[in-house]
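Note sheet for the following structure.
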Amino acid sequence: MSIGVLQTVLPLEPLEPLESLESLVREAKDGLSFDRTISRRLVHRASVTEVFLTDAAVAGADRFLIGAQLPRNHALYRPEETGQCDFMLLVETVRQAGIYLSHRHYDVPLGHHFIFKALSLHISDPAALRVGAGPLAVVLDVNVATPGGRTAGIPGARNPRRFDARFDMVIEVGGRECARASAGVTVIDGVRYARLRQRGRTEGTVSARPSAYEGTAPARPSAYERKGGAPGDGRGVLRPAPGTAIRPAGTGEWRLHVDPTHPGYFEHPSDHVPGMLLLEAFRQAALELCGGTVLASLEAEFAVFGELGEAVTVQAAATTAGDGRMRLSATQGGRVLATAGARRA
Numbered sequence: 001m002s003i004g005v006l007q008t009v010l011p012l013e014p015l016e017p018l019e020s021l022e023s024l025v026r027e028a029k030d031g032l033s034f035d036r037t038i039s040r041r042l043v044h045r046a047s048v049t050e051v052f053l054t055d056a057a058v059a060g061a062d063r064f065l066i067g068a069q070l071p072r073n074h075a076l077y078r079p080e081e082t083g084q085c086d087f088m089l090l091v092e093t094v095r096q097a098g099i100y101l102s103h104r105h106y107d108v109p110l111g112h113h114f115i116f117k118a119l120s121l122h123i124s125d126p127a128a129l130r131v132g133a134g135p136l137a138v139v140l141d142v143n144v145a146t147p148g149g150r151t152a153g154i155p156g157a158r159n160p161r162r163f164d165a166r167f168d169m170v171i172e173v174g175g176r177e178c179a180r181a182s183a184g185v186t187v188i189d190g191v192r193y194a195r196l197r198q199r200g201r202t203e204g205t206v207s208a209r210p211s212a213y214e215g216t217a218p219a220r221p222s223a224y225e226r227k228g229g230a231p232g233d234g235r236g237v238l239r240p241a242p243g244t245a246i247r248p249a250g251t252g253e254w255r256l257h258v259d260p261t262h263p264g265y266f267e268h269p270s271d272h273v274p275g276m277l278l279l280e281a282f283r284q285a286a287l288e289l290c291g292g293t294v295l296a297s298l299e300a301e302f303a304v305f306g307e308l309g310e311a312v313t314v315q316a317a318a319t320t321a322g323d324g325r326m327r328l329s330a331t332q333g334g335r336v337l338a339t340a341g342a343r344r345a
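If you use the UniProt record's numbering, the sequence shown closes out at 345, no skipped numbers anywhere.
Shown next as structure tokens:
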């Protein structure tokens with residue numbers, strides 16, 4: 001893996017500082033490699049086939065450029081009906097970027113636990129994300145904000161017990177901005193994580209030990225699976241909520257399908273419902289409710305961990321504006337796990 005570092009060379013002729021910097025940044029973006037992936041350990045993946053980041057460069061104080069190669073097809077991520085790459089494939093790439101930068105540039109040790117507090121993605125130019133004859137080369141221009149004051153590349157507290165950061169990203173294809181994303185994360189060591197999990201289990205109404213999840217057997221294919229043309233292929237994560245009465249127009253309720261043996265969402269062992277599974281549930285609930293085919297934006301906030309072995313209810317409601325916007329939530333045992341706002345394209 002090659003990690004590039006931008007170095008400013010004083011020009012013979014004076015240049016405008018911003019013009020000079022952006023010229024160097026553009027040169028660095030053009031120089032990113034897409035030949036091989038970074039180490040899977042730096043993005044918490046067990047399989048190299050699940051790693052989408054390929055290269056990175058430092059572009060200033062707390063600013064980074066990341067190259068990613070998005071596959072044309074994937075077990076979980078497939079082209080949308082509109083022809084653009086899977087919305088959630090971009091979300092996963094954003095997630096990996098935040099984890100990678102934390103380890104590589106902010107002294108976060110491997111083995112620490114990442115707790116995503118918020119994640120958003122807004123597509124502005126879907127045409128730029130159209131899937132062609134080969135994989136899609138994407139560049140993420142990332143600015144990192146650290147409330148704790150830690151600056152990349154400057155030695156601080158080594159092996160920190162806690163790290164908080166927000167990653168704001170501009171996503172480009174071929175030099176063309178096509179989306180913006182943001183991710184907020186808290187990282188803690190194993191001792192703090194164990195205490196946090198135990199406290200959450202004690203305060204909540206769910207059991208401390210996972211049990212066999214009821215209702216994991218597939219029911220009827222969801223509308224999302226039927227639209228994708230592959231019913232029963234494992235991508236549909238919503239099931240009809242048992243005993244649900246007739247709901248008001250513009251609302252919907254489902255049971256989340258949690259399969260701890262799923263090779264994608266449980267690509268490596270987890271003691272809680274994965275955040276990516278909740279985001280996928282929000283995507284599918286939004287499209288089931290509004291009848292659309294693809295999302296234009298998703299903004300999610302995570303509150304508490306979802307425990308394995310207990311039912312999770314997903315609800316969606318269209319806003320009164322009638323503009324394709326929806327509010328979504330995931331709850332378990334009376335606790336709100338996560339909420340989101342979404343808008344269809």
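Beta carbons are placed, not taken as given, at the ideal position from N, Cα and C, and that holds for glycine.
Could you say if the region 74 to 88 and the region 26 to 37 meet the contact criterion of at least three C-beta pairs nearer than 8 Å? no
For the region 314 to 322 against the region 235 to 251, are there 3 or more C-beta pairs whose distance is under 8 Å? yes
Nearest to residue 93 by CA position, among 194, 110, 107 and 42, is which residue? 42
Where do the ends of the beta strand (DSSP E) carrying residue 120 lie? 113 to 123
How far does the beta strand (DSSP E) with residue 188 in it reach, from first residue to last? 176 to 188
Do the region 173 to 190 and the region 116 to 128 make contact, defined as three or more Cβ pairs closer than 8 Å? yes
Helix, strand or coil: which one does DSSP assign to residue 385? With the chain covering only 1 through 345, there is no way to say anything about residue 385.
Selection from 32, 307 and 281 that minimises the alpha carbon distance to residue 236: 281
What is the rounded straight-line gap between the Cα of residue 134 and the Cα of residue 35? 13 Å
Just list the alpha helix (DSSP H) runs in the region 241 to 325, keeping only unbroken ones of 4 residues or longer that don't cross its boundaries, in chain order. 275 to 290
My understanding is that residue 286 touches residue 328, with C-beta atoms under 8 Å, so please give their C-beta distance in whole angstroms. 6 Å
Can at least three beta-carbon pairs, one atom from the region 180 to 192 and one from the region 106 to 125, be found at a separation below 8 Å? yes
Using beta-carbon positions only, say whether residue 255 and residue 296 come within less than 9 Å of one another. no
Tell whether a beta-carbon distance below 9 Å holds between residue 257 and residue 239. yes
Identify the continuous beta strand (DSSP E) that holds residue 339 and give its terminal residues. 335 to 344
Rounded straight-line distance, which links the Cα of residue 172 to that of residue 129: 9 Å
Could you compute how far the alpha carbon of residue 324 sits from the alpha carbon of residue 290? 7 Å
Give me the Cα-Cα distance between residue 274 and residue 20, rounded to the nearest whole angstrom. 43 Å
Cβ pair residue 278, residue 306 closer than 9 Å: yes
Tell me which residues share the same chain as residue 189 and place their Cβ nearer than 6 Å to its Cβ, disregarding the 5 neighbours each side in the sequence. 112 and 161
Does DSSP put residue 331 in a helix, in a strand, or in coil? strand
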